[in-house]
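For reference, the structure is listed below as structure tokens.
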Amino acid sequence: MFNGALPAGGVELAHLPLVLARALWLAALLSTTGALLFRAAAAPSEAARVPSVRAGLSRLIVRGLAAAAAAWVAWVLLQSAAIVGADGLAEALAGVGTVFARAAFGHRAVAQAVLLLAAWAALGLGDGRGRFVPAGLALAATAVQAGHSHAWAMQGGPGLLTGAVLLHLCAAAAWLGGLLPLALVVRHAPLAAATATLRRFSRVATALVLLLAATALVQAVALLGGLGGLFGTSYGWVALLKALLFAVLLGIAWRNRMRLMPALAARGGRAALLRSIALETAIGLLVLGAAALLSTLPPGMHTPPVWPFAYRPRLPLRLSGIADVTALALALALLGWAAVGRRWRLPALALAALLAGGAVPRLGGLLVPATPTSFFRSETGFTAAAIMDGARLFAARCAACHGAAPLLPARLAATEDGDLFWVLSSGTAGMPGFAATLDEDARWHLIDFLRARATAGALPVRAPDIDLVCADGAIQALSDARGHDLRLSLRAAPPPPGGCRAADPDAIPAYALASGLSPARLSVADLLIDAAGRLRAVVRPAPETSIATETPR
Amino acid sequence: MSNVRRLVAAALLLGALSSPACAHALLRKAIPASGATLQAAPRVVRLSFSEGVEAAFSTILVRDAAGVRVDLGAITAASDDAKTISVPLKPLAPGVYTVEWHATSVDAHKTEGHFSFTVAP
């Protein structure tokens, strides 16, 4: 089942203080924001007018702001030390100034501090509309936290993903940050008032939880790097843990609403609900810890994932496969019902057995054998240089055997890059592994060569990427023009005014290899490359284009 | 016996696989490309990363075969693309050049790497 591989992209021990400081900052920021929002929204209610609730809320907010200030200092210090590469406190303190002046991280951290200070100054604005001012300022500080995310860094600015992170942060603040104020109400308010507040909180929380789940899904799709990233990287496992903790939170919230709230009037009812809210808060803190860890780990999509299982799903999933998996999930749900339900237990059991009996024998076909590197992706960009390096390596290291045992194109086409990488690294029956004798780049270059050679003979083929030199001396990659149809000449000639030419000595041999056409023909012809980066046709040169030019579509 | 050897080899290989550099801003594209041979001397080295980078806290050092710096030092961020930085070069003679880079992503993680390219005579 497992192949013994550890997930890629582990946590570095040296980063642990930074993760901890970030988690504490996040916890203080979100809970203070949530408490301010709670105070602003609940002000007109009867519960909020109870003196001990009011006093408790004020204390909670002031302490939260103090905790946020302390955590901010620790986080900014550690993060600045990491940015400037400081050893020791003196260097870190000196680095803070530079980071504030010149790094985007510093600008955002200062903005957050200013917003929280303003919130603190506005605390006394009274019970009227003014109470929304500090809440709004703290919410803005929480929103700025999205600027510290992978999402912002990857998108280079605002976008759908950053928007999802922002909503996720604000929803988490309103929900988790509302728990301690809720506990105050449960503890001190009269029964009717407490029940009314609980009802209202639970309605709002339902919406917030849906928002949290939806925005989490957007982030998972964008950052996890698919199935490989989910199970093959530390980032994926921490994300799984976070999802699991979130599910536990939902379970507790559901129990609070359905079981403990109706029993509030009974003896010990309040104590039971208070205990449950305390547990919910503790698990909420763990979720924030997992979130801080995630933002310090490289996202799954940027880590070569080490697949930990001996099998992987056959991708893409076929319809019958999806039906089988659904049937199995349904069977499990029915089994769950049979275990805890009150009625229809026997029919549920029978139906579960029927569904499972139909689906289980066919599950084998959904899985294919996997290797630890099944989900590795080539980073070479399929450049002419990589392909020709692979060609030289193949002649020197592989041709002796593979002259006699040719590699079948059909079999190559059916094998994923990641699995080819594993075969080349660890060997197969009759072939040694090359992990010790060829570095990773060399192995990927060999794979590019094998892929290019396997397609020769029938256009269209994937066009090898090459560098172009333009008239102003700038160098551009062919792949920069992806999305446009191109007419490309490989002829050696100085770039004409405003144009570019291929500046890659590997260009002609690589195109010859990938297309099966002779170098002599390629060096006088024009190549038509489509918007998806495929070589579609080789045509007689148009007299006016001795260059790579865009042709209007 | 050979089975045991294969298992040990696979375990060693896994060890090598499961400790990749903890990287955030990964080099997505370099121009000139790693290992490229150029027929004309480039005037700049341009690096594009998977995440936005802080130009003020990143460096690109370009050296000739004798180890002498040939870059002009001032890193600039592309005006329209926060993930790309570049450094201008002195006029290059034919030869092999190495590029050593250190990048700080805007989510404040550091990465580094190096590669070389050749200017053909």
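Protein chains in written order, with my numbering: chain X, 1 to 553; chain G, 1 to 121.
Just so you know, even glycine gets a beta-carbon here, dropped at the ideal spot from N, CA and C.
Given the structure is predicted, the values throughout are model-derived calculations rather than measurements.
With H, G and I counted as helix, E and B as strand and the rest as coil, what does DSSP make of residue i?
i	result
R482 (chain X)	coil
V119 (chain G)	strand
L294 (chain X)	helix
H109 (chain G)	coil
D324 (chain X)	helix
R536 (chain X)	strand
K100 (chain G)	Correcting the residue identity first, residue 100 (chain G) is Glu in this sequence and not Lys. DSSP places E100 (chain G) in strand when its eight states are reduced to three.
F375 (chain X)	coil
I529 (chain X)	strand
K242 (chain X)	helix
G512 (chain X)	Position check: residue 512 (chain X) holds Ala in this sequence, whereas Gly was assumed. Note: A512 (chain X) maps to helix in three-state DSSP.
T437 (chain X)	coil
V261 (chain X)	Reading off the sequence shown, one finds Met at residue 261 (chain X), where the question assumed Val. Coil, per DSSP.
V306 (chain X)	coil
L224 (chain X)	coil
Q39 (chain G)	coil
S50 (chain G)	coil
R343 (chain X)	coil
C22 (chain G)	A caution first: C22 (chain G) carries a pLDDT of 38, below 50, which makes its placement in the model unreliable, though a value can still be read off. Coil.
L125 (chain X)	coil
L61 (chain G)	strand
R487 (chain X)	strand
Tell me whether the beta-carbon of residue i lies closer than 9 Å to the beta-carbon of residue j.
i	j	result
L490 (chain X)	S515 (chain X)	no
A413 (chain X)	D467 (chain X)	no
W307 (chain X)	A220 (chain X)	no
L513 (chain X)	A456 (chain X)	yes
A40 (chain G)	V119 (chain G)	yes
A71 (chain X)	L180 (chain X)	no
R451 (chain X)	F375 (chain X)	no
Q79 (chain X)	A21 (chain X)	yes
L535 (chain X)	P460 (chain X)	yes
T560 (chain X)	G229 (chain X)	Any property of residue 560 (chain X) remains undetermined from this structure, which presents chain X solely from 1 to 553.
A192 (chain X)	V185 (chain X)	no
L328 (chain X)	V368 (chain X)	no
F117 (chain G)	A65 (chain G)	no
D71 (chain G)	V45 (chain G)	yes
M261 (chain X)	L208 (chain X)	no
V53 (chain G)	S86 (chain G)	no
Y235 (chain X)	L224 (chain X)	yes
P509 (chain X)	M388 (chain X)	yes
A196 (chain X)	S45 (chain X)	yes
L65 (chain X)	L116 (chain X)	yes
Taking DSSP's pairing of strands, which residues face residue i in a bridge?
i	result
T383 (chain X)	X:D465
R443 (chain X)	According to DSSP, which records beta bridges pairwise, R443 (chain X) is partnered with nothing at all.
T95 (chain G)	First, the amino acid is wrong: residue 95 (chain G) is Gly here, not Thr. In the DSSP output, where bridge partners are listed per residue, G95 (chain G) has G:V119.
T32 (chain X)	BP columns for T32 (chain X) are empty, so no partner.
A78 (chain G)	G:D81
D71 (chain G)	G:L89
A458 (chain X)	Looking at the DSSP assignment, A458 (chain X) forms no beta bridge with any residue, so it has no partner.
A502 (chain X)	X:L468
T428 (chain X)	X:M431
S52 (chain X)	None, per the DSSP bridge assignment.
P369 (chain X)	X:Y311
L27 (chain G)	G:F49
A477 (chain X)	X:D467
Throw me the rounded Cβ distance for the residue i and residue j pair, which I believe falls under 8 Å.
i	j	result
A109 (chain X)	V76 (chain X)	5 Å
V73 (chain X)	T296 (chain X)	With a Cβ gap of about 18 Å, V73 (chain X) and T296 (chain X) do not count as contacting.
L393 (chain X)	L446 (chain X)	6 Å
Q112 (chain X)	V144 (chain X)	5 Å
A81 (chain X)	A92 (chain X)	4 Å
T233 (chain X)	P305 (chain X)	5 Å
A146 (chain X)	V165 (chain X)	4 Å
L563 (chain X)	A292 (chain X)	Summary: the structure shown does not reach residue 563 (chain X), with chain X confined to residues 1 through 553, and so no result is reported for it.
T380 (chain X)	D448 (chain X)	6 Å
L29 (chain X)	T142 (chain X)	6 Å
I322 (chain X)	L279 (chain X)	Wrong, their Cβ atoms sit about 37 Å apart, outside the cutoff.
- Members of the region 70 to 104 of chain X near chain G, C-beta cut-off 9 Å: Flagged, chain order: Q79, S80, A82, I83, V84, G85, T98, V99, A101, R102, A103, A104.
- Task: Using a Cβ-Cβ cut-off of less than 7 Å, list which residues of the region 46 to 60 of chain G approach chain X; keep chain order.
- Result: Of all residues in the region 46 to 60 of chain G, S50, E51, G52, E54, A56, F57 have a Cβ within less than 7 Å of some Cβ in chain X.
- Message: Beta carbons nearer than 8 Å to chain G: which residues of the region 177 to 208 of chain X have them?
- Response: Against chain G - using a Cβ distance shorter than 8 Å - the region 177 to 208 of chain X contributes no residues.
- Under 7 Å (Cβ pairs) to chain X, residues found in the region 23 to 40 of chain G: Per Cβ criterion, the list reads A23, H24, L26, K29, I31, P32, A33, G35, A36, T37, L38, Q39, A40.
- chain X contacts from the region 95 to 106 of chain G (Cβ-Cβ distance under 7 Å): Those residues of the region 95 to 106 of chain G that come within reach of chain X (Cβ to Cβ, closer than 7 Å) are T104, S105, V106.
- Query: What are the residues of the region 389 to 415 of chain X that lie near chain G, defined by any Cβ-Cβ distance shorter than 9 Å?
  - Reply: Residues of the region 389 to 415 of chain X whose Cβ lies closer than 9 Å to any Cβ of chain G, in chain order: D389.
- Task: Residues of the region 206 to 236 of chain X with a CB closer than 7 Å to any CB of chain G: list them in chain order, please.
- Result: Close to chain G, meaning a Cβ-Cβ distance shorter than 7 Å, is no residue of the region 206 to 236 of chain X at all.
- Message: Under 8 Å, CB to CB, which of the residues in the region 64 to 87 of chain G have a partner in chain X?
- Response: Residues passing the 8 Å Cβ filter: D81, A82, K83.
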